[in-house]
Amino acid sequence: MKKVRKICTIFCLLVSLSMQAQNADIRIGQLVNESNWFELEQALKETPAGSVSPFLRQLAASMTHHYFNRPDSACAVLYDLLSNHQQELGDYTMNMVLLYSVDLARTGHYNDAADLLQNLYNQLAAMGMDSIQIAPYRSQAQQYLALSACGPFYRPLHKPGEYHIPMVIENKGGQHSIEMDGGINGKEGRFLFDTGAGGNLITPKLAKEYGLRFLDTDITVAGIGGLKQGGYAIADTLRIGGMTWVNVPFAVIDTHTGHEEADKFNEKYQLPPVIGLPVMLCMQEIQLDFARRELVIPAIPTPNPLGRSNLIRTDTEGLQLKTADESGHPVYLHFDTGSYYTYMEPIWYNRHRQEVDAAGVSDSLRIAGIGGVSITRTYKLPQMKFQIGNGTVTIDSVNVNTGIDLHTGQRRNTDVSKGTEDGVLGLNALEKFSKVILNLKDMYMEAIPFAEKQ
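When the letters of the sequence shown are read in order and numbered with the numbering used here, they come out as residues 540 to 993.
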């Protein structure tokens with residue numbers, strides 16, 4: 540009897556472990572399918588390695604490495620998946636190839652990224668796929684080839700250490716922006732600090748004035764009015780405060796919108812060179828110290844006080860912040876210091892339509908950007924409260940974009956994130972804090988209130 544009881548106990552244990560493994564696989568697979576990267580990262584940390592099938596764990600790890608800005612690790616895992624698990628990947632294979640090409644480029648391996656995309660294009664063309672549909676892969680491969688001939692990029696000339704850069708708060712037409720003094724190719728200037736820019740940006744006129752080297756390649760960027768054509772140019776040196784880098788690429792884009800009023804505004808307040816995410820990634824951590832009006836780049840990034848990441852690097856090369864509303868429900872916001880106002884997107888409006896229609900005041904939202912102008916019907920809420928890291932902010936008068944064109948009544952697709960983000964966190968929210976820490980090494984954002992508000 541004892542032996543039978545022991546066998547039954549072992550059998551029950553094995554069944555229990557098998558069910559746990561199946562449940563873990565179901566949970567991890569569900570999070571991957573939902574593109575819920577924040578919960579997936581946490582689930583991988585909390586789930587024992589043996590509880591998840593090896594392939595699914597590798598697949599999940601590749602996604603978290605990619606979105607939480609660990610491109611070196613992502614390359615290693617993606618290479619293994621594509622080399623050894625194509626049969627299990629099935630329909631995911633092409634997505635993994637595209638992610639791999641992005642991470643190769645993020646780690647400076649432009650030539651390998653170009654070869655990968657060109658091979659993908661050739662295979663899809665041989666299969667008879669529509670040439671217009673697959674043309675972006677060939678175009679991206681050509682861009683990577685042009686960049687590979689100019690690298691490596693962002694070589695630092697400054698010594699390691701802590702840097703303090705004066706923060707210039709510019710008021711342009713009633714909206715604030717963060718600017719910094721510096722220089723390009725030895726020519727002094729003032730530059731826009733824009734977390735919403737996936738790359739550095741400069742107009743054709745300023746690119747010539749600063750003496751940038753133009754590359755023989757075309758690029759396409761997504762903007763408010765759709766796609767916009769441009770090119771690449773290289774700055775021999777970029778200086779921001781006491782920090783200097785050699786060989787810095789800029790996207791050269793004509794920012795004219797074709798909208799008379801918006802273009803007059805642009806001419807009056809000329810867009811300076813835009814310093815985007817690539818330079819910030821070189822800095823690893825930027826502390827926006829509003830109390831002292833300076834940007835602080837610490838010598839050693841600050842350990843994460845949150846216990847988990849609340850930032851991801853998106854498919855559009857932006858930053859998405861996971862916040863919570865006053866009810867504790869998660870809210871996903873595009874973090875954009877290039878936008879002064881915080882506002883909510885149509886996907887959020889559609890989920891909260893009843894309460895917004897009841898409490899909001901009818902208004903309109905005008906957004907001018909690359910390629911055009913969007914004027915949509917909105918509701919203005921008296922206030923909204925968000926949690927940013929351990930900090931809480933209450934924003935007065937927040938626009939909620941319905942996505943409906945004010946003049947035609949037709950729904951417009953102005954959301955570059957394609958419905959993956961609830962809104963945009965702008966500069967007006969950050970200014971309410973003494974300091975905001977943007978850490979791109981551990982991918983977190985922390986907000987510290989002013990002393991009297993603590």
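By construction, the Cβ of each residue, glycine as well, lies at the ideal position given by its N, Cα and C atoms.
Under the three-state DSSP convention, the category residue i falls into
i	result
Lys698	coil
Pro842	coil
Asp651	helix
Ala772	strand
Lys974	strand
His605	helix
Glu627	helix
Asp944	strand
Leu1002	Absent from the structure is residue 1002, since the part of the chain shown begins at 540 and ends at 993.
Tyr918	strand
Ile968	It is worth fixing the name first, because residue 968 is Ala in this sequence and not Ile. Ala968: helix per DSSP, three-state reduction.
Gln681	helix
Asn710	strand
Leu958	It is worth fixing the name first, because residue 958 is Gly in this sequence and not Leu. Correct three-state label for Gly958: coil.
Met719	strand
Met822	helix
Gln581	helix
Val591	coil
Gly568	helix
Pro812	coil
Met668	coil
Pro705	strand
Thr632	helix
Phe989	coil
Length of the line joining the Cα atoms of residue i and residue j
i	j	result
Pro587	Asp564	11 Å
Tyr888	Thr734	24 Å
Leu945	Thr915	5 Å
Val636	Leu656	8 Å
Pro869	Lys861	7 Å
Glu985	Thr794	32 Å
Ala644	Ala652	6 Å
Val895	Lys971	24 Å
Phe594	Arg852	24 Å
Leu964	Met668	39 Å
Asn658	Ala664	10 Å
Thr941	Pro885	5 Å
Lys974	Phe989	8 Å
Tyr683	Asn650	7 Å
Tyr536	Gly846	Lying before the first or after the last residue shown, residue 536 is absent from the chain, which here runs from 540 to 993.
Ser557	Ala685	Model confidence at Ser557 stands at a pLDDT of 44, short of 50, so the residue's coordinates are unreliable; what they give is reported in the following sentence. Looking at the two C-alpha atoms, the distance is approximately 51 Å.
Ser590	Leu617	21 Å
Asn786	Asn724	10 Å
Trp784	Lys726	14 Å
Tyr773	Ser670	As written in the sequence, residue 773 is Ile, which differs from the Tyr given in the question. If I take the Cα positions, the gap works out to 31 Å.
Gly568	Gln768	38 Å
Gln859	Trp576	11 Å
Ala688	Thr756	12 Å
Ser612	Gly780	32 Å
Phe692	Thr776	10 Å
Leu920	Gln893	13 Å
Ser901	His891	15 Å
Pro720	Asp981	A small fix is needed here, since residue 720 is Asp in this sequence, not Pro. Using only the alpha carbons, I get a separation of about 27 Å.
Met883	Gln714	18 Å
Gln570	Arg729	The identity of residue 570 in the sequence shown is Leu, whereas the question assumes Gln. Rounded to the nearest angstrom, the two C-alpha atoms are 43 Å apart.
Asn967	Ile839	28 Å
Ile814	Ala736	8 Å
Gly857	Asn608	11 Å
Ser866	Leu810	39 Å
Met666	Met633	14 Å
Opposing strand residues paired with residue i [DSSP bridges]
i	result
Val641	BP columns for Val641 are empty, so no partner.
Met984	Leu977
Ser936	According to DSSP, which records beta bridges pairwise, Ser936 is partnered with nothing at all.
Pro817	In the DSSP output, where bridge partners are listed per residue, Pro817 has none listed.
Pro788	Ile773
Gln926	Ala863, Thr931
Val596	The sequence given here places Arg at residue 596; Val does not occur at that position. Paired residues: none, contrary to the question.
Thr783	Arg778
Val616	Looking at the DSSP assignment, Val616 forms no beta bridge with any residue, so it has no partner.
Note to self: Restricting to runs no shorter than 4 residues, where is the alpha helix (DSSP H) found entirely within the region 826 to 908?
What the structure shows: 885 to 890, 892 to 898
Notebook entry, point to check: Going along the chain, which unbroken runs of the alpha helix (DSSP H) with 4 or more residues stay wholly within the region 726 to 763?
Noted result: 743 to 748
Check: Touching or not, the region 699 to 716 and the region 822 to 836, by the rule of three or more beta carbon pairs under 8 Å?
Finding: yes
Notebook entry, point to check: Can at least three beta-carbon pairs, one atom from the region 823 to 830 and one from the region 736 to 750, be found at a separation below 8 Å?
Noted result: no
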